[in-house]
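Asker: Could you have a look at this structure, given as structure tokens, before my questions?
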Amino acid sequence: MDRINRMVLERPVVIFSRSSCCMCHTVKMLFREFGVNPVVHELDEIPRGQEIEQALSRLGRSPTVPAVFIGGELVGGINEVTSLHLNRSLTTCVKRIGAVESSRVAPRPSVCNPTEL
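Residue numbers (UniProt numbering): 1 to 117.
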């Protein structure tokens, strides 16, 4: 558990992932679209990855990946991150902790208003 605590303080946003997990890929891409460059630990590619995954399980993560930490705090997985994104709290959260690299922020797609057509 101490190892995870140290790892999640490496950067403002830390993601524990598996390279073959499509939900993990989705979470990583979402943060990158916001201009966030998270530390990503691919548990199937690093030494002691299985041990870290077991520790994440003890934190109540099921499935264990993706596991997203923002500002050293466990936010959750795909469901929690998606919920934050949909209620527009995710951008506020990552901006508040200084995780957004302003030069990398992807432009927001414009919303088409049918009455303007």
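Even glycine gets a Cβ: it sits at the ideal position worked out from N, Cα and C.
1. Report the CB separation of G77 from P66 in whole angstroms; it is logged as a contact under 8 angstroms.
2. For L30, does the three-state DSSP call read helix, strand or coil?
3. If you draw a straight line from the alpha carbon of E10 to that of M29, how long is it in whole angstroms?
4. Using DSSP with H/G/I as helix, E/B as strand and the rest coil, what is S17?
5. Taking the alpha helix (DSSP H) that A55 falls in, what are its first and last residues?
6. Tell me which residue opens and which closes the beta strand (DSSP E) that I70 is part of.
7. Do you know offhand how far R6's Cα is from V14's?
Answerer: Quick look at the numbers:
1. Rounded to the nearest angstrom, the Cβ distance from G77 to P66 is 5 angstroms, consistent with a contact under 8 angstroms.
2. L30 sits in a helix when the DSSP states are folded into three classes.
3. Inter-residue distance for E10 and M29 is about 19 angstroms (C-alpha atoms, whole angstroms).
4. S17: strand per DSSP, three-state reduction.
5. Unbroken alpha helix (DSSP H) run through A55: 49-58.
6. Looking at the DSSP string, the run of the beta strand (DSSP E) that includes I70 is 67-70.
7. Between the C-alpha atoms of R6 and V14 there is a straight-line separation of about 11 angstroms.
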